[in-house]
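If you're matching them up, the sequences are chains C and S in order. Numbering-wise (this note's numbering), the first sequence opens with residue 1 and increments by one. Numbering-wise (this note's numbering), the second sequence opens with residue 1001 and increments by one.
There are 2 protein chains.
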Amino acid sequence: MKKSIGAKTIVYPTPVFVVGTYDKDGKPNAMDAAWGGICCSSPPCLAISLRKVTYTYENIMAQKAFTVSIPTQDFVSEADYLGLVSGRNEDKFFRSGLTPEKSKLVNAPYVKEFPLALECRLLQSTELGLHTQFIGEILDVKVDMDVLGDGNFPEMGKVKPLMYAPGEHKYYAVGQCLGKAFSLGKNIMSHT
Amino acid sequence: MKKSIGAKTIVYPTPVFVVGTYDKDGKPNAMDAAWGGICCSSPPCLAISLRKVTYTYENIMAQKAFTVSIPTQDFVSEADYLGLVSGRNEDKFFRSGLTPEKSKLVNAPYVKEFPLALECRLLQSTELGLHTQFIGEILDVKVDMDVLGDGNFPEMGKVKPLMYAPGEHKYYAVGQCLGKAFSLGKNIMSHT
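Okay, structure coming up:
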């Protein structure tokens, strides 16, 4: 028997996306977004939702571009900081000691110290209520060599991304690998 | 120095959302979606992206409703199976031994054995390319009592959700708690 806890935005996992943008003066900024995810395979697209009051909202609207960098767990304090203050009031790259790396594909910076970064061109924005959803086409994925595994893909166990738990307001690490997708369930299929 | 791996849908973590629907004859179906996430806090909304060829696409279009159940890691094989076959060809609830529980709020079933379920009313659908994005308003969240922690919220460490790693095509478990959000980064702020 399940208990009702109301109409809440609680689902697991949610990501810790660090959204990189430039403001109108070319100052780099980064903020956290837990509301988002991949939304299309072809063209490859990613969605992030932001409140209108954020500095990043303004920047994406002006530049039509953003990046998403994936912080590794060693940088959990820096990642948390990026969600605590606005780029209007503080130079968050400077304060956190993180380095903005200018994308060659879009007018937005990604975080050099984080192992995985997606460079996105704004395709559309939709007002949903408190949040606006931005959909960006992923033009490229940049990866640190030391997190690449077999098949030239970054391994989740090496990237060590953060997971955010809404409600609890806590960060979690990735645990053990549980096995291969499109494989573990084959014994349940009627035709194997 | 980062390496370019091309325009790929690789980001960590992505969720394993089990999307529950009824078909036109009232037969329950469930499928996996890794492309999705929360997209608005008010109204509380969740986005999932599906290909048009899926049975679930048809069902959501017809019923204007769906649920998202979060499988716990003990059910990783069942969850994987739900992504391997189409509900057009197999009764996936029957084969997997999972139980469809009819939502009282929307015309869609959730998975009784999974600890967390969101009941959603379709708000909009957008064709993005290979995938169509469905945005649903979260009308309620149902939680198993044994995963509730302090503050009446499900604890991620108790829910033990799955994480999917695109590219690698592997599932991962949740690891240790790394600390409190909106807190770890306070020492970096200029005004504390």
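The beta carbon of each residue, even a glycine, is placed where N, CA and C say it ideally should be.
Burial state of N29(C) is buried, judged by a 10 Å Cβ sphere holding 16 or more other Cβ atoms. According to the DSSP secondary-structure assignment, E1101(S) is paired through a beta bridge with Y1110(S). Pairing S1103(S) with L1082(S) gives a Cβ-Cβ distance that is not under 8 Å. Under the DSSP assignment, E155(C) falls outside any beta strand (DSSP E); it carries neither an H nor an E label. Under the Cβ distance rule, R1095(S) counts among the residues neighbouring chain C, one pair being separated by less than 8 Å. In the structure shown, the three-state DSSP call for Y1171(S) is strand. Nearest CB-CB separation between E113(C) and chain S: not below the 8 Å threshold. Residues of chain S with a Cβ closer than 9 Å to the Cβ of N107(C) do not exist, since the nearest Cβ in that chain sits about 17 Å away.
The residue among F1066(S), G1006(S), A1034(S) and K1002(S) with its C-alpha nearest the C-alpha of P15(C) is A1034(S). A Cβ of chain C is located within less than 8 Å of the beta carbon of A1117(S). Apart from sequence neighbours up to five positions away, the residues of its chain that approach D1140(S) with a beta-carbon distance below 6 Å are L1105 and E1119, ordered along the chain. In the DSSP assignment, S1004(S) falls within the unbroken beta strand (DSSP E) covering K1002 to S1004.
Secondary structure note for L82(C): its alpha helix (DSSP H) is the uninterrupted segment V76 to L82. At the C-beta level, L1148(S) and Y172(C) stay beyond 8 Å of one another. Within the same chain, K1092 come within 7 Å of V1085(S) by CB-CB distance, once the 5 residues on both sides are set aside. The criterion of a C-beta distance shorter than 8 Å is satisfied by G20(C) and S69(C). Where N29(C) is concerned, the enclosing beta strand (DSSP E) starts and stops at P28 to A33. Neighbours of V18(C) across chain S, judged by C-beta separation under 7 Å, do not exist; the nearest C-beta is about 11 Å away.
If you draw a straight line from the Cα of V143(C) to the Cα of N1089(S), it is about 39 Å long.
When E1168(S), F1134(S) and Q1176(S) are compared, the shortest CA-CA separation from N1059(S) is found for F1134(S). By the neighbour-count criterion, in which a residue is buried when 16 or more other Cβ atoms sit within 10 angstroms of its Cβ, F1153(S) is buried. In this structure, K1180(S) keeps its C-beta atom at 8 Å or more from the C-beta atom of K8(C). For S1004(S), the neighbours in chain C by C-beta distance under 9 Å run, in chain order, D140, V141, K142 and V143.
Secondary structure of V143(C) (DSSP, three-state): strand.
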